[in-house]
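Inspection log for the structure reproduced underneath, given as structure tokens.
Protein chains in written order, with the numbering used here: chain A, 176 to 290; chain B, 17 to 339.
Right, dumping it as structure tokens:
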């Protein structure tokens, strides 16, 4: 796994929660939304990573789930954000904002100066 | 190895053929994924249903993008990832449940039995290491036994529906599965016998007479509580858009949702005094002439749709509070 993938994996839980902030969604729907956002970095998101992540977030009560028939009539498991999940997402977003601000003041500022 | 695999997939270790989709590639994958999973059929089906839904959705998207049926199946299965990886993740989740159950059931039992031992040993002065060893034995054996049953043999109904809405005309039915009922009857019989023996022990009759008086009184209290609590497995709760019907083996009661004032879990000392097979919830509602009345609703993890019942009731309460 390269460094880029490592960073993306670290932010994946926040990205999943962000998708669910828009409303309840199911496994394939979440993956689809993330694929569109991640573009060429989407390769980092494997199904074998996504489902354990969803289950882990559910165990931490950041998500809750319910089953409802999908368009094929078969049971589909939907995930939705809990109040604790919203607070966690806000906290993580604030932390990432701080990191971006720090990088802007340091790494990217230096790059600008050099160019 | 084969026996061990069967033992962690009871009571139905075989693949549930209701999971077949009619697509040979998808079905072969689901069958081999099932072979990697542990837990009862209901528990394994939760993983299988999620995998099936994902693969069929991916296949549908590929067909829409112009792939043939066969290629779409192949690619959808391949992109889902190796069954061994999904299986390992599910086994890890179940192991965490096992240790949690072991701790939450083994520890209280070991503490209770050790207290009994301490009281019964009286002044005979058994060495401290004897109490330590018996504590560990009770913890490990009872905890592991109960953890095993609840993780690998018995399907707790969760995760079930927990959305806070009902479809138009839908009646949500909350009920316990057959196995819960069988276990409740078994528990009631065991507790009746234990209670009777302990009561005789209080009177100085039978082998329980050798127990400390406090131990026997406590056992009678526990036994009576359990016998009274066990019929909860036969309760049925029916919820529609207007009312909640609570059906117990002894009575049926319908409450209008508009009358509800609050739905709260019983906590604190009240919870400690009650012996229930599940979490009791206090339903406060207004009856005739605006007088407030209270009834209790016991909900446990084995009950189907219990999560959604609570979610709908809580959402109703929030909506009424907002008005």
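A virtual CB, placed ideally from N, CA and C, is assigned to each residue, including glycine. Since the model is a prediction, treat every value here as computed from it, not as a measurement.
Item: Contact residues within the region 81-102 of chain B, judged by C-beta distance below 8 Å to chain A; Value: 95, 96, 97, 98, 101, 102
Item: Test: residue 324/B CB closer than 8 Å to a CB of chain A; Value: yes
Item: Any chain A beta carbon closer than 8 Å to residue 2/B; Value: For residue 2/B there is no data in the structure shown, the boundaries of chain B being 17 and 339.
Item: Residue from 105/B, 170/B, 158/B, 114/B whose Cα sits closest to the Cα of residue 318/B; Value: 170/B
Item: Any C-beta of chain A under 8 Å from that of residue 175/B; Value: The pLDDT assigned to residue 175/B is 48, lower than 50, so where the model puts this residue is not dependable, and the model offers no usable value.
Item: Closest Cα partner of residue 254/A within the set 262/A, 228/A, 239/A; Value: 239/A
Item: Three-way DSSP call (helix, strand, coil) for residue 175/B in this model; Value: With a pLDDT of 48 at residue 175/B, under the threshold of 50, the predicted position of this residue should be treated as unreliable, and no value is reported.
Item: Classification of residue 1/B by the beta-carbon crowding that lies within 10 angstroms, buried from 16 upward; Value: Residue 1/B lies beyond the range of chain B shown here (17 to 339); nothing can be said about it.
Item: Inter-residue spacing [alpha-carbon to alpha-carbon] between residue 281/A and residue 197/A; Value: 33 Å
Item: Alpha carbon of residue 272/B to alpha carbon of residue 301/B, nearest angstrom; Value: 9 Å
Item: Segment contact flag, the region 247-259 of chain B with the region 185-203 of chain B, C-beta cutoff 8 Å, min 3 pairs; Value: yes
Item: Buried or exposed (CB count within 10 angstroms, at least 16 for buried), residue 140/A; Value: Given a span of 176 to 290 for chain A in the structure shown, any question on residue 140/A remains unanswerable.
Item: Residue 44/B at chain A interface by Cβ criterion, 8 Å; Value: no
Item: Residue 41/B - containing beta strand (DSSP E), residue span; Value: Segment 40-52 is the alpha helix (DSSP H) holding residue 41/B; no beta strand (DSSP E) there.
Item: Residue 228/A versus residue 332/B - alpha carbon distance; Value: 31 Å
Item: Bridge-paired residues (DSSP) for residue 258/A; Value: None; residue 258/A has no bridge partner.
Item: Three-state secondary structure (DSSP) of residue 157/B; Value: helix
Item: Run of the beta strand (DSSP E) containing residue 282/B, from where it starts to where it stops; Value: Careful: residue 282/B lies outside any beta strand (DSSP E) and carries neither H nor E.
Item: Where residue 183/B sits in the DSSP three-state scheme; Value: coil
Item: Residue 262/B and residue 313/B closer than 8 Å at C-beta; Value: yes
Item: Listed by chain order, chain B residues near residue 122/A by CB distance under 9 Å; Value: Residue 122/A is absent from the model: chain A starts at 176 and stops at 290.
Item: As assigned by DSSP and simplified to three states, the class of residue 125/B; Value: helix
Item: Residues that residue 253/A bridges to, as DSSP identifies them; Value: 201/A, 241/A
Item: Rounded straight-line distance, which links the Cα of residue 19/B to that of residue 114/B; Value: 19 Å
Item: Sub-8 Å separation of residue 214/B and residue 235/B beta-carbons; Value: yes
Item: Residue 227/B versus 245/B, 151/B, 137/B, 166/B, residue with shortest Cα-Cα distance; Value: 137/B
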